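What follows is a set of notes on a single structure, which appears directly below.
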Amino acid sequence: MKRIGIYIDLENIAHLKFNVNFKLILEDIIKFYRSNLKDKDIYYSIKKAYGDNKSIKLYEKELRDLHIDIIHSVHINKAKNMSDMISSIDAFEDFVFNKNIDIIVFVSRDVDYTIVMERLKRHGAIAAIVTTITNANRDIFQNVSNKIFKIEKYKAKENDKTNQLDEYSLEYLKFFYNRVIEVYNNTENKKFSISDICNKVNMDFKLERGRECYKKRL
1 MKRIGIYIDL
11 ENIAHLKFNV
21 NFKLILEDII
31 KFYRSNLKDK
41 DIYYSIKKAY
51 GDNKSIKLYE
61 KELRDLHIDI
71 IHSVHINKAK
81 NMSDMISSID
91 AFEDFVFNKN
101 IDIIVFVSRD
111 VDYTIVMERL
121 KRHGAIAAIV
131 TTITNANRDI
141 FQNVSNKIFK
151 IEKYKAKEND
161 KTNQLDEYSL
171 EYLKFFYNRV
181 IEVYNNTENK
191 KFSISDICNK
201 VNMDFKLERG
211 RECYKKRL
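The opening residue of the sequence shown carries number 1 in the UniProt record's numbering; numbering runs sequentially from there.
As structure tokens, this is what we get:
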């Protein structure tokens, strides 16, 4: 029997240009080890994802559907989060002290994970990582990984973030459309340009430039 612990650095993964399909990752990892290890009795004993509010929100539904435990981490400062540190400590404790996993898989682009992976291998762990193709070709990752899974393989179907609108953008577009219709239908006595309408919408969204410009026109 082999038990897998997977530790996902959501804050790091959230900066990719595409969304990740974690279901495919879980399935591929199990398939790989069942094909390459003599022991075919392999399962996940630990599945954890670490992130802040923003990164958790991006994947929350998928993570819950896959029964992945969500661990909220806080920022040390604006530039540094705690996800990598917390997940590394958890993985080390789970293997070395709790002894409830045999295979450790990290999901991240962060080179810092190579340090804990090297230490885990010293203690006899099978250590793997899901990371970018660029990282997969670097010696620092190859030297500490029993297996590197390339994260580009696991792009979600809707994988281009540039084509996705967040909730605020959708709200803005709907409001803009309604405002255009409203202003257009009330311009018998005063003519407004498209620029004026845009400024009015900005004003409604508390954007100061729109407020100032619109007041000048009135």
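From the three backbone atoms N, C-alpha and C, an ideal C-beta is built for every residue, glycine too. Keep in mind that this is a model prediction, so the values were computed, not measured.
Cβ pair residue i, residue j closer than 8 Å
i	j	result
isoleucine 30	isoleucine 46	no
tyrosine 59	phenylalanine 22	yes
phenylalanine 141	isoleucine 129	yes
isoleucine 86	isoleucine 71	yes
isoleucine 8	lysine 40	no
arginine 3	isoleucine 148	no
alanine 156	asparagine 19	yes
tyrosine 154	isoleucine 25	yes
histidine 123	phenylalanine 95	yes
Of the listed residues the options, nearest to residue i (C-alpha basis)
i	options	result
asparagine 146	Ser88, Thr134, Met1 and Lys121	Lys121
isoleucine 126	Ala91, Asp110, Asn178 and Asp112	Ala91
arginine 109	Ser83, Phe32 and Leu63	Ser83
lysine 54	Ser73, Asp69 and Asp94	Ser73
methionine 1	Ala14, Asp139 and Tyr33	Tyr33
leucine 37	Lys99, Ile68 and Ile103	Ile103
alanine 14	Asn178, Ile181, Thr131 and Asp139	Thr131
tyrosine 44	Asp52, Leu66 and Lys61	Leu66
N- and C-terminal bounds of the alpha helix (DSSP H) containing residue i
i	result
phenylalanine 149	From DSSP, phenylalanine 149 is part of no alpha helix (DSSP H) but of the beta strand (DSSP E) over 147-150.
aspartate 84	83-92
valine 116	113-122
tyrosine 154	Here tyrosine 154 belongs to no alpha helix (DSSP H), and DSSP marks it neither H nor E.
lysine 23	22-36
aspartate 139	139-142
Endpoints, the beta strand (DSSP E) within which residue i is located
i	result
residue 243	Residue 243 is absent from the structure shown; the chain starts at 1 and stops at 218.
phenylalanine 106	103-107
aspartate 69	69-72
tyrosine 44	42-51
threonine 132	That residue, threonine 132, is in no beta strand (DSSP E); it is neither H nor E in DSSP.
Status (buried if at least 16 other CB within 10 Å, exposed otherwise) for residue i
i	result
phenylalanine 97	exposed
glutamate 27	exposed
glycine 5	buried
leucine 10	buried
valine 56	Reading off the sequence, residue 56 comes out as isoleucine, not valine. By the neighbour-count rule (16 or more Cβ atoms within 10 Å), isoleucine 56 is buried.
lysine 17	exposed
asparagine 135	buried
methionine 117	buried
isoleucine 68	buried
residue 219	Since the first residue shown for the chain is 1 and the last is 218, residue 219 is missing from the structure and cannot be characterised.
Any C-beta of chain C under 8 Å from that of residue i
i	result
leucine 66	In the structure shown, chain C does not exist; there is a single protein chain.
Any non-hydrogen atom of the ligand ZN closer than 7 Å to residue i Cβ
i	result
methionine 117	Because no ligand of any kind appears in the structure shown, any question about the ligand ZN cannot be addressed here.
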